[in-house]
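Before any comments, here is the structure.
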Amino acid sequence: MRSPILDYLDSIIATTEHVDSGSTADYIPELAAADPTRAAIALCTSNGTVYASGDADHEFSIQSMSKPFAYALAIEDHGLEYVLDRIGVEPSGDAFNELSLDPETGKPRNPMINAGAITTHSLINSEGEKTAVDRMLEYFGDLADRPIRVDEAVANSELATAHRNLGLAYLLHGSGALPADPTESVTGYIRQCAASVTVSDLALMAATLANGGVQPKTGKQLLCRRTNRHLLSVMASCGMYDAAGNWLTTVGIPAKSGVAGGIIGVLPGQIGVAVFSPRLDAHGNSARGVAMMELLSEDMGLHLMEATRPSRSSLRETQLVSLVDGTEATIYVLQGDLVLSSIESLVQEIVTHPPRTDLVVFDMSRVDEVMPVAERTSSETAAKLIEEGYRIIVVDPEGTVENFADSHGRTIERWTPEQLSDAVR
Ligand code: DON
């Protein structure tokens, strides 16, 4: 049976066929000559399954979609503070190739516009024989789970007409914002942009960001969670240049476009998406790509700001039982993800109706994940209960709170589900 998800992706390609506005990038001859009728879409879930439709095997250059990944590598090399000292995180509201500098600090406004991305590239360390470009390609390869190479025709074509980027780099150098050699920085940056990818590669790369930095197929942690969160925030506010506000309100997912016609989108915790169509709108974003993403977001309810139903209570039920040894016990059966809003109802129950037995059991067999805020709240609740003379036992077969202790560091007694059922029987 063909997956209905593939049928749906086919329908997005078909529904947007009439969108023929805009034109291919005119300032890079090799991109200007691209076939404007090509279109592709791919989606990758957080378990690494890729669904693709249209010209899914067609390779095109990654262009500005390389910028978030280069920024991630620079942060992994130097730490966030070092990079923030050199490149801002404010949307510029200008076109991607403007010299948008913060008037107070003289830093490029953000790493998604060319000025910030050229500076970002210059921050990527070389390692022995490996240049910054070699490291970038290796990183793309890890993200896409296949070797990625530079399209030399695209790189040479852009290098031959890179007057504007060279101009930006020399101005940055002159103002002290780019400490490296301007020509070398632009050459490296352009080769980074000329890496050749398909929508399926891009969907996997985006899915890694959706997955907190863990590549969903290989399980490799390719960027740390903190960097990942920072990166997605910058993509949400600056990824679509001077159309970023319109994008965030309509499509509502962190994204990055490239001048060859690609767009990647990341829905944290769910999916990575990539679309491709070479004609660009006035902002340098793929016109049909934007239409495809709008449709996808609307149909699949992907908008990040959509208020989903409030998380259900962590407390499934409260049982008052007599154990085989005659002891009375209160069992709180917990469920789902423990986050602040769901754990609050458990705490509220304990505060308003304190347990009437000395023995209190928290059965976490049905708990999926415990957020740090819920663990902290539980530790504090446990400490208060112990101080009031209760004996507490945790049943946690999945090890969701492996070393659970109360907020004074006292280890909490643990039972297996079998010990609990033997005691109750
Ligand atoms: O530097 C440039 O102009 C290109 N290598 C990349 C620009 C780009 O992809 C803008 N995005 N839509």
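Residue 362 in our numbering sits at position 364 of the sequence shown; the count goes up by one each step and never skips. Even for Gly, the Cβ is constructed at its ideal location relative to N, Cα and C.
In this structure Ser275 is in contact with Arg36, their Cβ atoms being roughly 7 angstroms apart against a cut-off of 8 angstroms. Cβ neighbours of Leu357 within its own chain (closer than 6 angstroms, five residues either side excluded): Thr325, Ala327 and Arg389. In the DSSP assignment, Cys42 forms a beta bridge with Val48 and Gly270. Per DSSP, the beta bridge partners of Thr409 are Ala403. Counting the other CB atoms within 10 Å of its CB gives Gly52 a total of 16 or more, which places it among the buried residues.
In terms of side-chain proximity, the C-beta atom of Cys236 is found no nearer than 7 angstroms to any non-hydrogen atom of the ligand DON. Under the DSSP definition of a beta bridge, Asp361 partners with Val331 and Val393. Annotation for Asn244 indicates a beta carbon at 7 angstroms or more from all heavy atoms of the ligand DON.
The Cβ atoms of Leu121 and His76 sit closer than 8 angstroms to each other.
Taking C-alpha positions only, Thr43 is separated from Asp420 by approximately 41 angstroms. Annotation: Ser21 is outside any alpha helix (DSSP H) and is labelled neither H nor E by DSSP.
Three or more beta-carbon pairs separated by less than 8 angstroms link the segment 251 to 266 to the segment 290 to 304, which places the two stretches in contact.
Burial state of Leu207 is buried, judged by a 10 Å Cβ sphere holding 16 or more other Cβ atoms. Excluding the 5 residues flanking it on each side, Leu230 has same chain C-beta neighbours closer than 7 angstroms at Leu207, Pro252, Val264 and Pro266, in chain order. Ranked by Cα distance from Asp199, the options Gly46, Arg277, Glu396 and Met298 are led by Gly46. The DSSP-derived three-state label of Ser339 is helix. Counting along the chain, Glu378 sits inside the alpha helix (DSSP H) bounded by residues Pro370 to Glu385. The way I'd put it, the segment 359 to 375 does touch the segment 392 to 399; three or more beta-carbon pairs between them come closer than 8 angstroms.
Leaving aside the five residues that flank Gly20 on each side, the residues in its chain whose CB is nearer than 7 angstroms to its CB run, in chain order, Arg277, Leu278, Asp279 and Ala285. In this structure, Asp323 lies away from Lys218, with their beta-carbon atoms at least 8 angstroms apart.
Residue side-chain check: Gly186 keeps its Cβ at 7 angstroms or more from all non-hydrogen atoms of the ligand DON.
Per the coordinates, the alpha-carbon of Leu321 lies some 20 angstroms from the alpha-carbon of Leu332. An exposed status is given to Ser9, since fewer than 16 other beta-carbon atoms sit within 10 Å of its beta-carbon. Linking Tyr168 to Leu29 through their CA atoms gives a straight-line distance of about 25 angstroms. The residue among Thr414, Ala175, Leu157 and Glu315 with its C-alpha nearest the C-alpha of Ser343 is Glu315. The C-beta distance from Gly270 to Met203 rounds to 7 angstroms, short enough to meet the 8 angstroms contact threshold. The residue from Leu71, Ala242 and Leu135 with its alpha-carbon nearest to that of Val81 is Leu71. In the structure shown, Ser124 falls within a coil segment according to DSSP collapsed to helix, strand and coil.
Here Val422 has Val319 and Leu321 as same chain residues with Cβ atoms under 7 angstroms from its own Cβ, once five neighbours each way along the sequence are excluded. In this structure, the alpha-carbon of Asp132 lies about 38 angstroms from that of Ser1.
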